[in-house]
Amino acid sequence: MGRARPRTRQPAEKLPVARVCVDIPLAHLDRPFDYLVPAELDEAATAGVRVRVRFAGQLVDGFLLGRAEESTHDGRLAFLERVVSPEPVLSPEVATLARAVADRYAGTLPDVLRLAVPPRHARAEQDQSRPPAATGEPAGTGRPAGTGWSRYPAGAALLRALSGGRAPRAVWTALPGEDWPARLAEAIGAMLARGRGALAVVPDARDLDRLDAALAGVLGTPDRHVALSAALGPAERYRRFLAAARGTARVVVGTRAAMFAPVADLGLVVLWDDGDDLHAEPRAPYPHAREVLLTRAQLAGAAALVGGFARTAEAQLLLETGWAVEIAGAREAVRAAGPRVVPLGDDVQLARDPAAAAARLPTVAWQAARDALRAGSPVLVQVPRRGYLPAVSCVDCRAPARCRHCHGPLELRSSRAMAACRWCGRPASGYACPHCGGQLLRAAVVGARRTAEELGRAFPGTAVRTSGRDGVLTSVPDEPALVVATPGAEPVAEGPGYGAVLLLDTWALLTRADLRAGEEALRRWLHAAALARPAGAGGRVVVVADGGLPTVQALLRFDPGWYAGRELAERRELGFPPATRMASLTGPRDAVADLLAAARLPDGAQLLGPIPVPLRGGGRGGGEGTGPGHDPAEPVERVLVRVARSAAPALAAALHAALGVRSARKAPDPVRVQLDPLDLL
DNA sequence: TCAATCCGTATC
DNA sequence: ATACGGATTGAC
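For my numbering, add 575 to where a residue sits in the first sequence, where the first one is 1.
If you want it as C-alpha cells, here you go:
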C-alpha cells in the first residue's frame, strides 16, 4: 500500500465513473463530482465507501455515492486516488436521507454526513470482519408480544399492523405510569418478528439504558440490537455502527446521533419524548431527530411511532394532517392510571412550620409529602435546573417579585443595581412585596442541592436524595425518601410509584419568554406526574400554580392532546411554527444583509427583525462552537424569515443558494442559517 | 518587455 | 479552501 501509482492508469471496464461527495464544507460545492475508477480499484470502489480524491489540487476525503457508465461532466475526469476502506459505511438509504435532510435545513451534504457516519476506526473494522452469518435463522422469538398495548383502544391494531408488515404511523400518548420502554420494545419486537429492522431514538443515556434493558428482555439474543450513544468511545461507537451497517444488528437504539444509523431493511422508526430539546442537533445544519426520523420513515416506507407522556404541537400537526393516527388511552383508563393532581394558586399559604416555610413549601404540599412518607412511599420533588432563570424574590417570604406595571418577572443584573422588569424594562424602585410587605429583593437562584437541604430540615429524619446534572439516579426503592430532581433527571420509583410528587417553582418555567414555555412546562410536569402511583393507590401531585391556567388544566386531566390542540390552534393564529416555517439568520449585520440580498426568497416571505443578539454568556461548560473570531466591535444581529408551510422547501432552497453565492464569493463573515430555530423570542 | 500581483472563477 | 488564468501594474 505504498505510493504504488502506475503511470498509466486504466479506467474500470464497467461503470468506470464514480460519483463522489467531497468533504468540503462550502455551499456552492454541495454536489457530486465525477471521477474515474482505476481498474485496480474496481472491486473496492462500491457505493458507500470512503475515498480519497484530488480536488482543486489537494487530496480530500469523500464518499462514493454510486457508479455510472458515463459522466455529464465536459472536462477530463481525474482518477480516484484511493479507496480508504472497502467498508460501505454510507448506505444508499442513508445517502438519500442525508440529502433530504441537507435540503430541508439549507445545509450541505458533507455537513450531514459528518453527523451520519462516525469517524473510521481501522481496528474496529478488523475486529468484526467475520461475515454476517446471521441469515436464514427464524426471525423473532415467537414470544407473544404486545399485551401492554391492549390498554389503548388503537394499540392492538398498531401491533397487528407492525407484525403484518405494514407501515403504520402513530403518535402515542402514554398512560400515566406507563412502562414505556416495555411498550417500545414490544413494537420493535413485532417488526423484528416480521424480519425487518428498527431504529429508536430517546433523549438521554438514562432513557437509553432503560430501553436497552427492555429490548434485551423481548429480543433475547443480545447480538440482534446495539445501543449507540455519545458516551461511547470512538472505537466502540464505530464497532456498533458497523454491526448495524453489516446487518448483524437488526435493531439500533440510541440518542440523537443514532438517528442516521444504517439499519438494514428499516421497517420502523421510533422517537420517544419528541419535545425534549436534546433531540435538536447543535451542529450544522441543526437537524431535529423528529424531522430526520419522520423523513426517514417516509423515504424508506417504514412505520413511525412518536411517543411520550406529553405531546408537541408538531406531533399534533401530524395527527391533524392525517399523517399519523392517534394512540391514547380512553378517558376512564387515564383517570384510573393517573394520580390526583392538586393545583395551588399564587396566593397560597406557606406552611406554618418554619422549616417547611423556609423550603417554600405550601401547607398542602407539605401535608401531601408527609402523608406519603408516613405511608411508606417515596416523594418526588421537581425543581427547575440551577441557573435556569435567576428569578428575583422577596428576601422575607420568598414570593417571586413581579413588575407592578405589567406583572413581568424582575431581574437583577448585578447585586448592586436596582431590579428591573424583564418584559417592560421599568425599574422596580420602591418595591414592596404584596404578600408580606418586605422591601428587599434577592436573586433566588435555587438549585436542587439547596432545595434538598431545606427540604431535609422540613422533614427531619427522612432520607433526602438528589438527582440532577451531577449524578443522575435511575431509580429509587419503594421506601420513604425525599427525592429532589431537576426536570429530565427524575428517577423511576420502584413498585407502584411515588406516593406524592411536588412540582415547585413552576413560576420560573411558566413565565419564560419562549414560544414553547407552556408546552415545555406541561411536558416536564407530565413526566414527573407519570411516575406517581394512581389516585386509587393514594398517588398525589401538588403543582404550585394557578389551576385556571390551561397548562395546569391539562395536567389535572392528564390530557396533553387537548393542550397540544389548543397550542397548535394558537400558533396557527399567531403564525408561529409548526403552522409556519421559520429560519433564523445570525451574523454580523452587513453579512446578514448581504445574505438576504443574495436570497431569492419565496413569495410571501416575511422578514422579522433584525434584532441585536446578546452575546451568549453563562450556559454550560461545553463548547458552544463559536465560529472563527469575528470583530467583536461589529454588532451581531438576527433576522427571522417566516413563510407558509407550503413554501418551506423553497425557503430552504433559496437560503442554500444564497449561502452558495456568498461562499463562492469568499464572503468573509459567516452567517448562521438555522431552520426551525429553538429560541424564537 | 517581463515579472510580480490582484482578482475572479472553477474545482470532476 | 486552493489553484490557476487573465488582466493589471510596475520596474527596468
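Here a beta-carbon is modelled for each residue, glycine too, at the ideal position from N, C-alpha and C.
As assigned by DSSP and simplified to three states, the class of residue i
i, result
"residue 1059", "strand"
"residue 666", "coil"
"residue 1032", "helix"
"residue 781", "helix"
"residue 1050", "strand"
"residue 979", "coil"
"residue 821", "coil"
"residue 835", "helix"
"residue 1178", "coil"
"residue 804", "coil"
"residue 855", "strand"
"residue 601", "coil"
"residue 725", "helix"
"residue 709", "Low per-residue confidence applies at residue 709: pLDDT is 42, beneath 50, and the placement is therefore not dependable enough to give any value."
"residue 1169", "helix"
"residue 1249", "strand"
Cβ shell of residue i (< 8 Å), same chain only, five flanking positions each side left out
i, result
"residue 1227", "678, 679, 680, 681, 1158 and 1250"
"residue 783", "777, 802, 804, 828, 829 and 830"
"residue 1210", "1163, 1164 and 1187"
"residue 612", "586, 587, 590, 591, 592, 593, 620, 642, 654 and 655"
"residue 810", "696, 698 and 699"
Where residue i falls, given that 16 or more other Cβ within 10 Å makes a residue buried
i, result
"residue 1004", "exposed"
"residue 986", "buried"
"residue 605", "buried"
"residue 633", "exposed"
"residue 1191", "In this predicted model, residue 1191 has a pLDDT of only 46, less than 50, meaning its place in the structure is not dependable; the value taken from the coordinates is given anyway. Exposed, because fewer than 16 other Cβ atoms sit within 10 Å of the Cβ of residue 1191."
"residue 914", "buried"
"residue 1062", "buried"
"residue 772", "buried"
"residue 1066", "buried"
"residue 968", "buried"
"residue 945", "buried"
"residue 820", "buried"
"residue 1212", "buried"
"residue 743", "buried"
"residue 858", "exposed"
Contact belief for residue i with residue j at Cβ below 8 Å, rounded distance in angstroms
i, j, result
"residue 1183", "residue 1215", "4 Å"
"residue 1156", "residue 850", "Incorrect: roughly 18 Å between the Cβ atoms, too far for contact."
"residue 723", "residue 761", "6 Å"
"residue 653", "residue 627", "The Cβ separation is near 11 Å, so there is no contact."
"residue 1257", "residue 774", "There is no way to answer for residue 1257, as the model of the chain reaches only from 576 to 1256."
"residue 555", "residue 1093", "The question about residue 555 has no answer, for the chain in this structure spans 576 to 1256."
"residue 959", "residue 1084", "6 Å"
"residue 1059", "residue 956", "5 Å"
"residue 904", "residue 688", "Contact doesn't hold; Cβ gap of about 41 Å is too wide."
"residue 825", "residue 767", "6 Å"
Beta-carbon gap between residue i and residue j smaller than 8 Å
i, j, result
"residue 1106", "residue 1068", "yes"
"residue 1100", "residue 1119", "no"
"residue 926", "residue 938", "yes"
"residue 871", "residue 854", "no"
"residue 1125", "residue 1138", "yes"
"residue 748", "residue 906", "no"
"residue 994", "residue 1016", "yes"
"residue 598", "residue 635", "yes"
"residue 690", "residue 856", "yes"
"residue 841", "residue 877", "yes"
"residue 684", "residue 874", "no"
Cut-off 7 Å between Cβ atoms - residues of its own chain near residue i, not counting five sequence neighbours on either side
i, result
"residue 787", "802 and 828"
"residue 640", "594, 595, 596, 607, 622 and 670"
"residue 757", "723 and 789"
"residue 1219", "1155 and 1179"
"residue 692", "664 and 665"
"residue 894", "746 and 901"
"residue 1109", "752, 911, 912, 913 and 914"
"residue 1229", "1174, 1175, 1176 and 1177"
6 Å Cβ shell around residue i - same chain, five flanking residues per side excluded
i, result
"residue 1038", "1056"
"residue 1122", "918"
"residue 648", "609"
"residue 578", "Any reading at residue 578 must be qualified, since the residue scores a pLDDT of 44, below 50, and its modelled position is unreliable; no value is offered."
"residue 1078", "957, 1100 and 1118"
"residue 1052", "1069"
Residue i CB to nearest heavy atom of the ligand GTP below 7 Å
i, result
"residue 1141", "Although the ligand GTP was asked about, the structure shown includes no ligands whatsoever."
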